[in-house]
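Have a look at the structure below, then the notes.
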Amino acid sequence: MMCTADKVQETLGRTLDFLKEHQNLIDCHVVDFLWNNHWEKLLPVDLRKELDANGGEIIENLQSILSGNCPYKQLREFLTKAKNHSLASFDQAINLEDFLPEEQPLKVTDFMTPKKMHEVKSASRLVSWLCSKSKSPIVVVDAGDGKGYLSSCLAFEYNLPVIGLEANADYQKSAENRVAKLKKKWKISDREKNYKSMAITVTSDLRIGKMSQEVFSMDDEKNFCLSGLHTCGDLAVSCLEIFIRDPHVRYLCNIGCCYNLLSRFPVSTYLANQNFLLSDRAKMLACQSLNRILQGSLPKNSLHFRTFFEQLLKEKYPLKDFEQLGKIKCNNFNEYFKICCKKMHLEPFYSDEEICEKFSKYDRKNLDIFYILRSSIAEAIETVIILDRILFIIETCRESKVHLVKLFQQDISPRCFAIVAEKLP
Numbered sequence: 001m002m003c004t005a006d007k008v009q010e011t012l013g014r015t016l017d018f019l020k021e022h023q024n025l026i027d028c029h030v031v032d033f034l035w036n037n038h039w040e041k042l043l044p045v046d047l048r049k050e051l052d053a054n055g056g057e058i059i060e061n062l063q064s065i066l067s068g069n070c071p072y073k074q075l076r077e078f079l080t081k082a083k084n085h086s087l088a089s090f091d092q093a094i095n096l097e098d099f100l101p102e103e104q105p106l107k108v109t110d111f112m113t114p115k116k117m118h119e120v121k122s123a124s125r126l127v128s129w130l131c132s133k134s135k136s137p138i139v140v141v142d143a144g145d146g147k148g149y150l151s152s153c154l155a156f157e158y159n160l161p162v163i164g165l166e167a168n169a170d171y172q173k174s175a176e177n178r179v180a181k182l183k184k185k186w187k188i189s190d191r192e193k194n195y196k197s198m199a200i201t202v203t204s205d206l207r208i209g210k211m212s213q214e215v216f217s218m219d220d221e222k223n224f225c226l227s228g229l230h231t232c233g234d235l236a237v238s239c240l241e242i243f244i245r246d247p248h249v250r251y252l253c254n255i256g257c258c259y260n261l262l263s264r265f266p267v268s269t270y271l272a273n274q275n276f277l278l279s280d281r282a283k284m285l286a287c288q289s290l291n292r293i294l295q296g297s298l299p300k301n302s303l304h305f306r307t308f309f310e311q312l313l314k315e316k317y318p319l320k321d322f323e324q325l326g327k328i329k330c331n332n333f334n335e336y337f338k339i340c341c342k343k344m345h346l347e348p349f350y351s352d353e354e355i356c357e358k359f360s361k362y363d364r365k366n367l368d369i370f371y372i373l374r375s376s377i378a379e380a381i382e383t384v385i386i387l388d389r390i391l392f393i394i395e396t397c398r399e400s401k402v403h404l405v406k407l408f409q410q411d412i413s414p415r416c417f418a419i420v421a422e423k424l425p
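Quick note: the sequence shown, position 389, residue 389 per UniProt numbering, numbers continuous.
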């Protein structure tokens, strides 16, 4: 199903209303959970009362609750409402299986983790299918090539000419080393010239035709498919702009990630006119995954330690500002407390015995539940980011079709939706 401007705008409008309703919860600083009393101040009263009465049972039955079996009315309504604003609930989103012919077994699976194999298997199918639609010879340009997982698969498995572009020279070198091993193992001499990697920063003014001519000795009248498997931050937007600007880039397959690094938002005229912005904390929250919690990944001790230390610190020095602490790994709070004091050039202001007594009274349950509630909103923020990009293409490249395709299993790869675009003849 093709995405339409009307449906995207309608969905954006509803999702914006939901995010505005929970703006304070989204934009809060979690380490101030105790000091600023987020539990009392930021949660709806009826929901908080239900959580106060059933918090222990909720934590014990978390797997079942997050799987959709929630017996608590207020919590169920909150989680359901958040889920209704996820990309999976967007009416015009489609599954890969509904979009492509039957999959074929992947051969080039060496030197990949199971997660990466799953991603490459699906992404390569989609990109190769897009390329098969071209009536002219086509070159794949993979932006944010990393270690060459997707690009090498397209080159050696699907026999497509591919240029991998990677800004990180170390990653680009790793890609070349990995490809050399693949060539040796698979003896693909007839296809070994298909893959070329370049250490280059992708910007919106990239001249793909000229670059391809230099790499493959091709004229710039060839068609191009611009792919990106988890393009980080603004790189995703640059890819969209290249697709829109360059008439020879006929196809686009982009899966974004690292929303916390995003500075270019919004990009659609529609959303810009709404005067809606995402705070840095909202972008950080968009990177979280409720599926990870479903798999048993509740906040680590470090977040609990940091939150409790913040409470102690502000009780002692309520008017003083301190620099950020950064990541500190410790097995117990006593050790954490001492390291934090040292980093802040403070003498420990409680003894070991006092710290043990204070932390023994700390109940982590409420912060765990608060973390879950915030994380449930993450997918709604992602919806706004991705639909803004889709609308940007629809607004500025009218002779195109745009699809939102669920490409991966979300429990394996949380950033699982691809923007797929094709210019009409």
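Where a beta carbon is used, it is the ideal one built from N, C-alpha and C, also for glycine. Bear in mind that the values here come from a model prediction, so they are computed numbers and not experimental data.
- Segment limits, beta strand (DSSP E) that includes Thr201: If you number the sequence shown from 1, residue 201 lands on position 201. Careful: Thr201 lies outside any beta strand (DSSP E) and carries neither H nor E.
- Message: Would you call the segment 357-369 in contact with the segment 240-250, where contact means no fewer than 3 C-beta pairs closer than 8 Å?
- Response: No: the two stretches stay apart, fewer than three of their Cβ pairs being nearer than 8 Å.
- Task: In angstroms with no decimal places, state the Cα-to-Cα distance between Lys121 and Asp46.
- Result: Residue mapping note: residue 121 aligns to position 121 of the sequence shown, counting from 1. Residue mapping note: residue 46 aligns to position 46 of the sequence shown, counting from 1. Roughly 46 Å between the two C-alpha positions.
- Item | Residue from Phe309, Asp321, Asn291, Arg415 with nearest C-alpha to residue 460 | Here the chain has residues from 1 to 425 only, and residue 460 is not among them.
- Item | Alpha-carbon to alpha-carbon, Lys193 and Leu387 | In the sequence shown, the residue the question calls residue 387 occupies position 387. In the sequence shown, the residue the question calls residue 193 occupies position 193. Roughly 37 Å separates the two Cα atoms.
- Query: Any idea what DSSP makes of His38, helix, strand or coil?
  - Reply: As a working note, residue 38 is residue 38 in the sequence shown. Of the three classes helix, strand and coil, the one that applies to His38 here is helix, per DSSP.
- Message: Quick check: the segment 261-275 against the segment 177-185, are at least 3 beta-carbon pairs closer than 8 Å?
- Response: Judged by Cβ distances under 8 Å, the segment 177-185 makes no contact with the segment 261-275, as fewer than three pairs qualify.
- Item | Local conformation of Gly164 per DSSP, three classes | Taking the sequence shown and counting its residues from 1, the one referred to as residue 164 is at position 164. It is a strand residue.
- Query: Which residues does DSSP pair with Ser128 in a beta bridge?
  - Reply: On the sequence shown, residue 128 is found 128 positions in, with the first residue counted as 1. DSSP, once it has assigned bridges, lists no residue as partnering Ser128.
- Task: Kindly indicate which three-state DSSP category Arg191 falls into: helix, strand or coil?
- Result: Residue numbering aside, residue 191 sits at position 191 when the sequence shown is read from its first letter. In the structure shown, Arg191 sits in coil (DSSP, three-state: anything other than H, G, I, E or B).
- Query: How long is the line joining the alpha carbons of Leu391 and Leu346, rounded to whole angstroms?
  - Reply: As a working mapping, residue 391 is identified with position 391 in the sequence shown. As a working mapping, residue 346 is identified with position 346 in the sequence shown. Just so you know, the alpha carbons of Leu391 and Leu346 end up roughly 51 Å apart.
- Anticipated Cβ contact below 8 Å, Leu406 with Asn95, distance rounded: The count along the sequence shown starts at 1 and reaches residue 406 at position 406. The count along the sequence shown starts at 1 and reaches residue 95 at position 95. In the sequence as presented, Leu is not what sits at residue 406; that position holds Lys. Confirmed, about 5 Å.
- For Ser400, three-class secondary structure by DSSP: In the sequence shown, residue 400 corresponds to position 400, counting from 1. DSSP places Ser400 in the strand class (E or B) of the three-state scheme.
- Item | From Tyr149, Ile200, Arg281, Lys283, residue whose alpha carbon lies closest to that of Pro169 | In the sequence shown, residue 169 corresponds to position 169, counting from 1. A small fix is needed here, since residue 169 is Ala in this sequence, not Pro. Answer by Cα proximity: Ile200.
- List the whole-angstrom C-beta distance separating Lys147 from Ala175, where the pair is believed to meet the contact cut-off of C-beta under 8 Å. The count along the sequence shown starts at 1 and reaches residue 147 at position 147. The count along the sequence shown starts at 1 and reaches residue 175 at position 175. In this structure Lys147 touches Ala175 by the C-beta definition: roughly 5 Å separates them, less than 8 Å.
- Message: Below 8 Å, how does it come out for the segment 292-312 and the segment 28-39: are there three or more Cβ pairs, yes or no?
- Response: Contact between the segment 292-312 and the segment 28-39 is present: 3 or more CB-CB pairs across the two stretches fall below 8 Å.
- Item | Three-way DSSP call (helix, strand, coil) for Leu417 in this model | Residue mapping note: residue 417 aligns to position 417 of the sequence shown, counting from 1. Note that residue 417 is Phe in the sequence shown here, rather than Leu. It is a strand residue.
- Item | Asp190 versus Tyr158, Asn54, Lys283, residue with shortest Cα-Cα distance | Here residue 190 refers to the residue found at position 190 when the sequence shown is read from its first residue. Tyr158 is the residue among Tyr158, Asn54, Lys283 whose C-alpha sits nearest the C-alpha of Asp190.
- Exposed or buried, what is Leu126 when buried is set at 16 or more other beta-carbons lying within 10 Å of its beta-carbon? Translated into positions along the sequence shown, residue 126 becomes position 126. The residue is buried, with at least 16 neighbouring Cβ atoms inside 10 Å.
- Query: Any idea if Gly56 is buried or exposed, counting beta-carbon neighbours within 10 angstroms, 16 or more meaning buried?
  - Reply: Residue 56 sits at position 56 when you count from the first residue of the sequence shown. Burial is judged here by how many other beta carbons sit within 10 angstroms of a residue's own beta carbon; Gly56 has fewer than 16 and is exposed.
- Task: Return the CA-CA distance between Val162 and Cys341, expressed in angstroms with no decimal places.
- Result: Reading the sequence shown from its first residue, position 162 is the one you call residue 162. Reading the sequence shown from its first residue, position 341 is the one you call residue 341. C-alpha of Val162 to C-alpha of Cys341: approximately 53 Å in a straight line.
- Task: Compute the Euclidean distance between the alpha carbons of Leu100 and Phe408, then round it to the nearest angstrom.
- Result: In the sequence shown, residue 100 corresponds to position 100, counting from 1. In the sequence shown, residue 408 corresponds to position 408, counting from 1. Rounded to the nearest angstrom, the two C-alpha atoms are 14 Å apart.
- Task: For Leu154, I'd like the list of residues in its chain whose CB is within less than 7 Å of its CB, leaving aside the five on either flank, ordered along the chain.
- Result: Here residue 154 refers to the residue found at position 154 of the sequence shown. Around Leu154: Ser124, Val127, Ser128, Val140, Leu160, Val162.
- Item | Rounded separation between Leu424 and Ala286 - CA only | Stepping through the sequence shown from its first residue, residue 424 is reached at position 424. Stepping through the sequence shown from its first residue, residue 286 is reached at position 286. Between Leu424 and Ala286, the C-alpha separation is close to 33 Å.
- Message: Per the DSSP calculation, Ser227 is bridged to which residue(s)?
- Response: Reading the sequence shown from its first residue, position 227 is the one you call residue 227. Listed as beta-bridge partners of Ser227 by DSSP are Asp142, Cys253.
- Task: Report back the beta-carbon spacing between Leu42 and Leu25 to the nearest angstrom; my notes put them in contact at under 8 Å.
- Result: Position 42 of the sequence shown, counted from the first residue, corresponds to residue 42. Position 25 of the sequence shown, counted from the first residue, corresponds to residue 25. Confirmed, Cβ separation roughly 5 Å.
- Message: By the three-class DSSP mapping on this structure, what secondary structure does Asn159 have?
- Response: Residue 159 sits at position 159 when you count from the first residue of the sequence shown. Asn159 carries a coil assignment under DSSP once its states are collapsed to helix, strand and coil.
- Item | Extent of the continuous beta strand (DSSP E) to which Ala93 belongs | As a working note, residue 93 is residue 93 in the sequence shown. It spans 93-95 - the beta strand (DSSP E) in which Ala93 sits, taken as one unbroken run.
- What are the complete beta strand (DSSP E) segments, minimum 3 residues, inside the segment 285-332? Segments of the beta strand (DSSP E) lying fully in the segment 285-332: there are none.
- Cα separation between Gly164 and Gly144? Residue numbering aside, residue 164 sits at position 164 when the sequence shown is read from its first letter. Residue numbering aside, residue 144 sits at position 144 when the sequence shown is read from its first letter. Cα to Cα, Gly164 sits roughly 7 Å from Gly144.
- Compare the Cα-Cα distances from Ser204 to each of Val249, Asn223, Glu214 and report the closest residue. Working through the sequence shown from its first residue, we reach residue 204 at position 204. Checking every option, the nearest Cα to that of Ser204 belongs to Val249.
- Beta-bridge pairing of Glu395 - partner residues as DSSP gives them: As a first step, residue 395 must be located in the sequence shown, where it is residue number 395. For Glu395, DSSP records no beta bridge to any residue.
- Item | Burial state of Asp234, where buried means 16 or more other Cβ atoms lie within 10 Å | What you label residue 234 is simply residue 234 of the sequence shown in a count that begins at 1. It counts as buried.
- Message: Just to confirm my understanding: we take Phe111, look at its own chain, exclude 5 residues before and 5 after, and list those with CB closer than 8 Å. What are they?
- Response: As a position in the sequence shown, residue 111 is number 111, starting the count at 1. Scanning its chain for C-beta atoms nearer than 8 Å, with the 5 sequence neighbours on each side dropped, one finds around Phe111 the residues Arg178, Lys181, Leu182, in chain order.
- Query: For Cys28, does the three-state DSSP call read helix, strand or coil?
  - Reply: Locating residue 28 in the sequence shown gives position 28, counting from the first residue. Here Cys28 sits in coil by DSSP.
- Give me the Cα-Cα distance between Pro44 and Glu97, rounded to the nearest whole angstrom. Walking along the sequence shown from the start, residue 44 turns up at place 44. Walking along the sequence shown from the start, residue 97 turns up at place 97. Roughly 40 Å separates the two Cα atoms.
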